[in-house]
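Numbering (the working numbering), first residue to last: 262 to 469. Ideal Cβ placement from N, Cα and C applies to all residues, glycine included. One structure is given below, encoded as structure tokens.
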Ligand SMILES: N[C@@H](CCC(=O)N[C@@H](CS)C(=O)NCC(=O)O)C(=O)O
């Protein structure tokens, strides 16, 4: 199987880190969504990454859907999320906040590099959404005493948060800084793990 996308994408990165933590071998195609759009389109008409192409040629899109498949592959005992119930819902909520945060941080980058003139309304909206989510995540993480968000084992939510924080910090350093001590500590804990150190790429935004 091969994973399409560059590791400066928080979505590609969270997928690759999960693949590695699960011990699932994969080939990496670091195609750019802009520079290599036609190649990406062969597998995903949205021209988005991550796209995971399975050995039989089936192409999976959307990081959440890809991780859902990986969870199925490894089975419920090893899956990095509870199978059902309140714990699963809590896990999915944190993950949704983290991926939403990453979405807004990506939008803001596109606004900065792809437009001649930024739209103030959109920039302010994205910044408010990013700050709002960071504030809620900070408050909730500060209340967790376990090493990871939902206990002793790393989960998809932990990975999603760490990837979103790294991206936001690199792309918009004025938005994610020392104000968020619990989130900084969360990111540092995750980033110290071997898969996070191996699967990393300094942000290289598209140029307009
Ligand atoms: N919801 C998607 C978001 C993926 C996403 O936004 N990927 C970006 C790269 S960080 C992309 O492909 N951008 C190109 C585009 O949307 O046109 C997921 O979770 O996979």
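- Residue 363 is not a Cβ neighbour of residue 326, given a cutoff of 9 angstroms.
- Around the C-beta of residue 352, 16 or more other C-beta atoms lie within 10 Å, and the residue is accordingly described as buried.
- Annotation: the continuous alpha helix (DSSP H) that includes residue 366 extends over 346-375.
- Note on residue 275: 16 or more other CB atoms within 10 angstroms of its CB, so buried under the neighbour-count rule.
- Excluding the 5 residues flanking it on each side, residue 335 has same chain C-beta neighbours closer than 8 angstroms at 283 and 285, in chain order.
- The continuous beta strand (DSSP E) containing residue 263 extends over residues 263-265.
- Excluding residues up to 5 positions away in sequence, 387 lie with their Cβ nearer than 7 angstroms to the Cβ of residue 368 in the same chain.
- Ranked by Cα distance from residue 447, the first of 289, 262, 376 and 406 is 406.
- For ligand 1, no non-hydrogen atom lies closer than 8 angstroms to the CB of residue 339.
- Here the region 342-356 makes no contact with the region 287-303; the two share fewer than three CB pairs at distances below 8 angstroms.
- With a cut-off of 8 angstroms, the C-beta of residue 437 is classified as distant from ligand 1, since no heavy atom of the ligand falls inside that distance.
- Under the 10 Å beta carbon count, residue 380 is surrounded by fewer than 16 other beta carbons and is classified as exposed.
- Counting of Cβ neighbours within 10 angstroms places residue 273 among the buried residues, the total reaching 16 or more.
- Counting the other CB atoms within 10 Å of its CB gives residue 270 a total of 16 or more, which places it among the buried residues.
- In terms of Cβ geometry, residue 268 and residue 460 form a close pair [threshold 9 angstroms].
- DSSP links residue 412 through a beta bridge to 409.
- Membership of residue 397 in the alpha helix (DSSP H) is indicated by the continuous run 381-403.
- Residue 309 counts as buried, since no fewer than 16 other beta carbons sit within 10 angstroms of its beta carbon.
- With a threshold of 8 angstroms, the Cβ atom of residue 364 counts as near ligand 1, since some heavy atom of the ligand is closer than that.
- Shortest Cα-Cα distance from residue 456 to any of 289, 280, 410 and 385 involves 280.
- About 5 angstroms separates the beta carbon of residue 418 from that of residue 410, a gap short enough to meet the 8 angstroms contact definition.
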